[in-house]
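A.B. asks: In order, the protein sequences belong to chains A and B.
With my numbering, the residue at position 198 of the first sequence is 198, and numbering never jumps.
With my numbering, the residue at position 184 of the second sequence is 1184, and numbering never jumps.
Every residue, glycine too, gets a C-beta built ideally from N, C-alpha and C.
Source: prediction; values computed, not measured.
One structure is given below, represented as structure tokens, and several questions about it will come after.
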Amino acid sequence: MDIQFNAEQLALRDELRAYFAAMMTPELREECERDMGEGGGPLWREALRQMGKDGWIGVGWPEAWGGRGMSPLEQFIFVEEVMRAGYPFPFLTTESVGPILAEHGNEFIKREFVPKILAGEMLISIGYSEPGAGTDLASLKTSAVRDGDDWVINGQKMWTSLAHFCDYTWLACRTDPDAPKKHKGITMFLVPNSDPGWSCTPVTTLGGVRTNATFYDNIRVSDDYRVGELNSGWKLVTSQLNRERLSLINFGPSSLLFNEVVKWARTTALPKGGYVIDQPWVQQNLARCRADIECMKLIVYKQSWAMTEQTLDMADASAAKVFGSEAFIEVYRLLGEILGQSALRRDDEHGDALGRKIERLYRTSSIITFGGGTNEIQRDIISAAGLWMPRAAR
Amino acid sequence: MDFGFSEEQREVQALARQILSEQVTPEKLAAYDEYAAARFDEELWRQLLDAGLTNVALDESYGGMGFGFIELALVLEEAGRTIAPVPLVHHCVSAMMPLQQFAPEALKERVLPAAAAGSLLLTAALSETGNDNAAQPTAVVAAEHVEGVRLSGIKSAVPYAQEAGAILVAAQLDESVCVVLLETGAAGVSMSPVEYTTFEPHADVTLDNVLVPAANIVMREGGEAVMHWLVERTTAALCAHQLGAADYAMRTAASYTSEREQFGVPVATFQAVGHRMADCYIDIECLRLTTYQAVSLLGAGVDASTELDIAKIWAGDCGHRVSYATQHVHGGTGIDRDYPLWRYCLWLRHNEMALGGSSVHLAALGQRLAAGEGLFA
Ligand SMILES: Cc1cc2nc3c(=O)[nH]c(=O)nc-3n(C[C@H](O)[C@H](O)[C@H](O)COP(=O)(O)OP(=O)(O)OC[C@H]3O[C@@H](n4cnc5c(N)ncnc54)[C@H](O)[C@@H]3O)c2cc1C
Chain A
1 MDIQFNAEQL ALRDELRAYF AAMMTPELRE ECERDMGEGG GPLWREALRQ
51 MGKDGWIGVG WPEAWGGRGM SPLEQFIFVE EVMRAGYPFP FLTTESVGPI
101 LAEHGNEFIK REFVPKILAG EMLISIGYSE PGAGTDLASL KTSAVRDGDD
151 WVINGQKMWT SLAHFCDYTW LACRTDPDAP KKHKGITMFL VPNSDPGWSC
201 TPVTTLGGVR TNATFYDNIR VSDDYRVGEL NSGWKLVTSQ LNRERLSLIN
251 FGPSSLLFNE VVKWARTTAL PKGGYVIDQP WVQQNLARCR ADIECMKLIV
301 YKQSWAMTEQ TLDMADASAA KVFGSEAFIE VYRLLGEILG QSALRRDDEH
351 GDALGRKIER LYRTSSIITF GGGTNEIQRD IISAAGLWMP RAAR
Chain B
1001 MDFGFSEEQR EVQALARQIL SEQVTPEKLA AYDEYAAARF DEELWRQLLD
1051 AGLTNVALDE SYGGMGFGFI ELALVLEEAG RTIAPVPLVH HCVSAMMPLQ
1101 QFAPEALKER VLPAAAAGSL LLTAALSETG NDNAAQPTAV VAAEHVEGVR
1151 LSGIKSAVPY AQEAGAILVA AQLDESVCVV LLETGAAGVS MSPVEYTTFE
1201 PHADVTLDNV LVPAANIVMR EGGEAVMHWL VERTTAALCA HQLGAADYAM
1251 RTAASYTSER EQFGVPVATF QAVGHRMADC YIDIECLRLT TYQAVSLLGA
1301 GVDASTELDI AKIWAGDCGH RVSYATQHVH GGTGIDRDYP LWRYCLWLRH
1351 NEMALGGSSV HLAALGQRLA AGEGLFA
């Protein structure tokens, strides 16, 4: 039992922190802000290619696949630092889909896709959800039908984030409409977003973040674009979601925001004398946040450690997701109370962007409780896998 | 970074779990309900002594096993899981550990081997009426004396005071704090039992000009440091105890709801029930991680004030929520005294409140933040 980083881990953290500090020029920062922390702009792309050259893409991939072979704990340090820096790193492409392609892709995919991903030149959007298939993802209807050597794809996806600037969509399709269990009739494809049969319309969300409805109209791809065995796509979907979960709960940016609010409260004078932080309720809010963020930190550290030791428990992974997502929302609320009215301002009242940050976090946070596997399902997993409680049939 | 246990830690944990889970049964615990008998299973205590489990954190030179606080905390977690009727927290953490850390060598050599062998039971006096700060006593005052110090005043609700041979006591001495090991048989010591929610034996200890010989003085001046040190360890010990108790209550509720049927199905299959239990699981995971963190930092001898406040906040919140949630999903059975859960609820409450509830520790943490300490690295 030793809950502290060792010297090599600290050195890695410092190396990354310095790297990202140099990379995040004011211009790049501004572009990322403008793009609502989603990336996609020219400077963002340039930085990604540079990271590819410097070997900072695929840090967790095995060396045999062209990665750095970092342990989950080291990867976690990487995730923390890149998020702390405020660079919208395309995790879904590089950490979720990429390794699946490297592991399960055919020779064509290993040749045409994998090196480009590692070079920061290939971006992939995720096409799982549909208008009628959300939490019950396995009921998806977008179809792929065999036609000679090709597949013909038709259907609609919903919430296909980043698709408007990605090169391909990682698409879950129904290939066996008669499968006795609906998750046994799904196959994964890579579909070019440049295909004339592909189109997308924007969906704007409360937080201002854009996502998309995407449409697939008789798109024809050869069998080379199929990933994994026919009708065994579900395994790939779930393994991707598990990988995604690790990058979902990070405490770096929250701990930074927390420190900034403490500093603000310690240096901001009240009209009748004293400082904002002298008020007992402010101290109470801050202490609550401090305790919650500390737990978040320990939970993700333990999770990364358990992954490194290959002892990750399913219930613990779900507990991390539920706790983290709900604690974030509470922390943002409590910190917002301290900032008061300026947490309602979309402009920058104090010149330190604090109020504006929290104003936006309020609007962008809700997705974390239902995205990445909704918390209801996570709680189902905890009671079943962690406490052996029987579950109702679904 | 290592969240795992060493070979020795796993052995200590397994041994404690084996002895305690075999020896502590609801039938035996029932003997102490309503103070029918002093809640002290001496036979079990003897077994724990013989197995070395009371002495894991004691140096080998005094008859201990020579491990540290982490190993002891693992024993306490098992004591919490069984709500064992033994004074582990008081004897081992609140008394033996600070004596080993701070007492003069002669005093250590006189009392620690006896405490390790079981011939001397120790405890500590941490509360005074109206004063929750154990490090700043006001109700007991010391006066210099040629042979030592004389103490007068009242310590309230001292655990196992009537069973113990000696009590660690802090007294105000001029502007400073003096800490002594008070022998309970000394002239001028009188006790009157008080009743606690857990049925654990406690007594108010009245000191009427009691002479404590110089040889029993742990620290004549500046004893705040001793008390602060021991309150920190005792707080962490309560967190570890809480962890075991909460985990047991949760697992009991999970199995009960998996068996109990209503509307033709186990009540566990109702999502509202499953989710309430999942929330207990998350709370307990938070308590586990924050407790282990605090314990491992204290064991390493580094400052852990922020981490300890955080652990105790979780011990309070988690204890409260797990207690009510587990009672709730049991329905009436949860509070039926023929079913074992109710005693756990008493302990969850005790550990929540003892040495300060969540709000107290939130306030302390908030003050530290206001002073610019405790920020994230
Ligand atoms: C901004 C944004 C970006 C997204 N990006 C992507 C993306 O890139 N690719 C992609 O494929 N998807 C994406 N999604 C979709 C996201 O994964 C879904 O929103 C999510 O899976 C939930 O599905 P739903 O919205 O259809 O809600 P529903 O499934 O309809 O759920 C509605 C409510 O019912 C509850 N519920 C459902 N089933 C149960 C149950 N069994 N027990 C208890 N409660 C239940 C849910 O928890 C929820 O509260 C994105 C969504 C958003 C908002």
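For a contact defined as C-beta to C-beta under 8 angstroms, what are the partners of serine 1296 of chain B on chain A?
C.D. replies: Met1, Asp2 and Ile3
A.B. asks: So the candidates are A/Gly228, A/Ala119, A/Ser199 and A/Thr369; which of them puts its Cα closest to the Cα of glutamate 326 of chain A?
C.D. replies: A/Thr369
A.B. asks: So what does phenylalanine 370 of chain A bridge to, in DSSP terms?
C.D. replies: DSSP output for phenylalanine 370 of chain A lists no bridge partner at all.
A.B. asks: Looking at the secondary structure, which residues open and close the beta strand (DSSP E) in which phenylalanine 328 of chain A lies?
C.D. replies: It is not in any beta strand (DSSP E) - phenylalanine 328 of chain A instead sits in the alpha helix (DSSP H) that spans 314 to 339.
A.B. asks: Shorter than 8 angstroms from the beta carbon of serine 1021 of chain B to some beta carbon of chain A?
C.D. replies: Chain A, which has no Cβ nearer than 8 angstroms to the Cβ of serine 1021 of chain B, makes this no.
A.B. asks: Alpha helix (DSSP H) containing histidine 164 of chain A: first to last residue?
C.D. replies: Per DSSP, histidine 164 of chain A belongs to no alpha helix (DSSP H) and is neither H nor E.
A.B. asks: So does the region 1246 to 1265 of chain B actually touch the region 1314 to 1329 of chain B, counting three or more Cβ pairs closer than 8 angstroms?
C.D. replies: yes
A.B. asks: So is phenylalanine 1003 of chain B in contact with chain A if we call contact Cβ pairs under 8 angstroms?
C.D. replies: yes
A.B. asks: Drop a sphere of 10 angstroms on the beta-carbon of proline 99 of chain A, count the other beta-carbons inside from all chains shown, and report buried for 16 or more, exposed for fewer.
C.D. replies: Taking all protein chains shown into account, proline 99 of chain A has 16 or more neighbouring C-beta atoms within 10 Å of its C-beta and is therefore buried.
A.B. asks: In the DSSP assignment, find the alpha helix (DSSP H) that holds leucine 1341 of chain B and state where it starts and stops.
C.D. replies: Per DSSP, leucine 1341 of chain B belongs to the alpha helix (DSSP H) from 1341 to 1353.
A.B. asks: Using a beta-carbon distance below 8 angstroms, is glycine 1301 of chain B in contact with chain A?
C.D. replies: no
A.B. asks: For the beta strand (DSSP E) holding serine 1323 of chain B, just list the boundary residues, first then last.
C.D. replies: No beta strand (DSSP E) holds serine 1323 of chain B; the alpha helix (DSSP H) holding it covers 1305 to 1330.
A.B. asks: When you compare the CB of proline 1113 of chain B with every CB in chain A, is at least one pair closer than 8 angstroms?
C.D. replies: no
A.B. asks: Under 8 angstroms: do the region 1186 to 1203 of chain B and the region 1108 to 1120 of chain B share three or more Cβ pairs, one atom per stretch?
C.D. replies: no
A.B. asks: Mind pulling the chain B residues with CB within less than 8 angstroms of phenylalanine 370 of chain A?
C.D. replies: Per Cβ cutoff of 8 angstroms: no residues; phenylalanine 370 of chain A is ~15 angstroms from chain B at best.
A.B. asks: Assuming leucine 1355 of chain B and threonine 1235 of chain B are in contact, meaning their beta carbons sit under 8 angstroms apart, how far apart are those beta carbons, in whole angstroms?
C.D. replies: 5 angstroms
A.B. asks: Is the beta carbon of arginine 174 of chain A less than 8 angstroms from the beta carbon of leucine 230 of chain A?
C.D. replies: no
A.B. asks: Given that tyrosine 301 of chain A touches chain B, what residues does it touch there, using C-beta distances under 7 angstroms?
C.D. replies: Met1001
A.B. asks: Going along the chain, which unbroken runs of the alpha helix (DSSP H) with 4 or more residues stay wholly within the region 65 to 140 of chain A?
C.D. replies: Every alpha helix (DSSP H) stretch that sits fully inside the region 65 to 140 of chain A and reaches 4 residues is listed by chain position as 72 to 85, 98 to 104, 107 to 112 and 114 to 118.
A.B. asks: Answer with buried or exposed for phenylalanine 1263 of chain B, where buried requires no fewer than 16 other C-beta atoms within 10 angstroms of its C-beta.
C.D. replies: exposed
A.B. asks: Taking the continuous alpha helix (DSSP H) assigned at alanine 1014 of chain B, which residues delimit it?
C.D. replies: 1007 to 1023
A.B. asks: With a threshold of 8 angstroms between beta carbons, is cysteine 1318 of chain B in contact with chain A?
C.D. replies: no
A.B. asks: At which residues does the alpha helix (DSSP H) containing histidine 1275 of chain B begin and terminate?
C.D. replies: 1271 to 1299
A.B. asks: Which ranges would you report for the alpha helix (DSSP H) in the region 1019 to 1060 of chain B if only whole runs of at least 4 residues count?
C.D. replies: Within the region 1019 to 1060 of chain B, the complete alpha helix (DSSP H) runs of at least 4 residues fall at 1026 to 1030 and 1042 to 1050.
A.B. asks: What residues in its chain sit with their C-beta under 6 angstroms from that of threonine 135 of chain A, if we drop five residues either side in the sequence?
C.D. replies: Thr374
A.B. asks: Determine the burial state of histidine 1330 of chain B: buried for a count of at least 16 other Cβ atoms within 10 Å of its Cβ, exposed for fewer.
C.D. replies: buried
A.B. asks: Do we get a CB-CB distance below 8 angstroms when we pair histidine 1275 of chain B with the residues of chain A?
C.D. replies: yes
A.B. asks: What residues from the region 140 to 155 of chain A come within 9 angstroms of chain B, judged by C-beta to C-beta, listed N to C?
C.D. replies: none
A.B. asks: Serine 383 of chain A and methionine 1277 of chain B: beta carbons closer than 8 angstroms?
C.D. replies: yes
A.B. asks: Out of B/Gly1316, B/Ala1377, B/Glu1027 and B/Leu1168, which one is the CA nearest neighbour of valine 1093 of chain B?
C.D. replies: B/Leu1168
A.B. asks: Any heavy atom of ligand 1 within a distance shorter than 7 angstroms of the CB on glycine 127 of chain A?
C.D. replies: yes
A.B. asks: Measuring only from the beta carbon, is glutamate 95 of chain A closer than 7 angstroms to any heavy atom that is part of ligand 1?
C.D. replies: no
A.B. asks: Tell me, please, whether the CB atom of cysteine 295 of chain A is closer than 8 angstroms to any CB atom in chain B?
C.D. replies: yes
A.B. asks: Is leucine 1074 of chain B helix, strand or coil when you go by DSSP?
C.D. replies: Look at leucine 1074 of chain B here: in three-state DSSP terms it is helix.
A.B. asks: For asparagine 1055 of chain B, which residues in the same chain have their Cβ closer than 7 angstroms to its Cβ, ignoring the five residues on either side in sequence?
C.D. replies: Gly1063, Gly1064, Met1065 and Ala1116
A.B. asks: So is isoleucine 1335 of chain B buried or exposed if we call it buried at 16+ other beta carbons inside 10 Å?
C.D. replies: Exposed, since its Cβ has fewer than 16 Cβ neighbours within 10 Å.
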